[in-house]
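To start, the structure under review is shown below, and the notes come after it.
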Amino acid sequence: MHQDRTPAPPEREPLVLTGHPGVPTQVGPFAHAVRWGDTLWVTGQMPTDPRTGDVVGDDVVTQTRQVMRNLEAVLHAAGARLADTLMVRAYLTDFDEYAAFNAEYATWFPAGLPARTCVGVTGLAVGARVEVDLVVGLRPHRSTTEPTEQDPHAPEGAAR
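Numbers in the working numbering are just positions in the sequence shown, counted from 1, shifted up by 864.
Here it is, written out as structure tokens:
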């Protein structure tokens, strides 16, 4: 008899990261991210202050910056980093702000841009102008304590 030697699929591991530094509190019934094998699927982040839950800024550049900070915090808590992003989905409420969004967004990927889809929407939760979710490749042998590239958004001397 033929025996199937196909390896079992990896387990799906939801990651609820509330309480980790910089990670916003959940506002609904979802995980901040889900790990499946060597891939991390990250829930869309809003431009909210993790301490207060309030929307940060009223322009797309300030809001994009906060969204990316929130994504970095989720990735750090999950043992990943922004530089390993494979795919981005960005949602904008006003496509007239596309160029301003792109200018800020590009600064977060100095080592090379990931694949991306950008969608215009009629509205987002909490009155946000932008939301971003990610698919990230995980490096199973990478220690979260090994040196990483300099973060252009961090204070002097800090690394991500």
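Glycine included, C-beta positions come from ideal geometry on N, C-alpha and C. Keep in mind the model is a prediction, meaning the values are calculated, not measured.
(1) Any contact of the region 895-913 with the region 995-1004, i.e. 3+ C-beta pairs under 8 Å?
(2) If you compare alpha carbons, which of Val898, Trp900, Asp913, Gly976 is closest to Val990?
(3) Return the chain-ordered list of same chain residues with a C-beta closer than 8 Å to the C-beta of Val898, the five sequence neighbours on each side being excluded.
(4) Throw me the rounded Cβ distance for the Val993 and Val924 pair, which I believe falls under 8 Å.
(5) In terms of alpha-carbon separation, which member of Gly1001, Ala895, Asp902 lies closest to Met951?
(6) So, for Leu977: in the same chain, excluding its five sequence neighbours on each side, which residues have a beta-carbon less than 8 Å away from its beta-carbon?
(7) Applying the criterion that 16 or more other CB atoms from any shown protein chain within 10 Å of the CB defines a buried residue, is Pro893 buried or exposed?
(8) Check Arg876 in the structure and name its three-state DSSP category.
(9) For Gln930, count neighbouring C-beta atoms within 10 Å of its own C-beta (all shown protein chains included) and say buried if the count is 16 or more, exposed if not.
(10) Tell me the DSSP bridge mates of Thr971?
(11) Quick check on the burial criterion: 16 or more other C-beta atoms within 10 angstroms. Buried or exposed for Arg985?
Reading it off the structure:
(1) yes
(2) Asp913
(3) Arg876, Glu877, Pro878, Leu879, Leu904, Trp905
(4) The sequence given here places Arg at residue 993; Val does not occur at that position. Contact holds; Cβ gap of about 5 Å.
(5) Gly1001
(6) Ala970
(7) exposed
(8) strand
(9) buried
(10) Answer is none; Thr971 lacks a bridge partner.
(11) First, the residue type needs correcting, since residue 985 is Val and not Arg in the sequence shown. Label assigned to Val985: exposed.
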